[in-house]
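In the working numbering, the protein residues as written are 239 to 328.
Backbone N, C-alpha and C define an ideal beta-carbon position, used for all residues, glycine too.
What you are looking at is a predicted structure, and each value in this text was computed from that prediction instead of being measured.
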């Protein structure tokens, strides 16, 4: 019996960071939050982990802020724009 395995192309963390950053700043001047779901191509374990690590890196580098109203609610990403006096939440 022939066994076939299909595996998805996996995205590196750096590629995911670039992709998320591009999507986040796509609408220049936008102040709305983006659900974390829009940044995921699939819900495989590796995709969820890579997306979450990319999210943490964007927050760490002050390119994004996150908020969550209540436990288990959507995680929203906001772009951060640099201002003369510091950083401004999108």
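If we ignore side chains and look at the alpha-carbon of each, how far apart do residue i and residue j end up?
{"i": "residue 282", "j": "residue 320", "result": "34 Å"}
{"i": "residue 248", "j": "residue 291", "result": "14 Å"}
{"i": "residue 279", "j": "residue 254", "result": "10 Å"}
{"i": "residue 314", "j": "residue 250", "result": "22 Å"}
{"i": "residue 296", "j": "residue 273", "result": "15 Å"}
Count the other CB atoms, across all protein chains shown, that sit within 10 Å of the CB of residue i; report buried if there are 16 or more and exposed otherwise.
{"i": "residue 310", "result": "exposed"}
{"i": "residue 287", "result": "exposed"}
{"i": "residue 301", "result": "buried"}
In this structure, how does DSSP classify residue i when only helix, strand and coil are distinguished?
{"i": "residue 248", "result": "coil"}
{"i": "residue 299", "result": "coil"}
{"i": "residue 257", "result": "helix"}
Let me make sure I understand the geometry here. Which of the options has the alpha-carbon closest to that of residue i?
{"i": "residue 312", "options": "296, 256, 261 and 275", "result": "275"}
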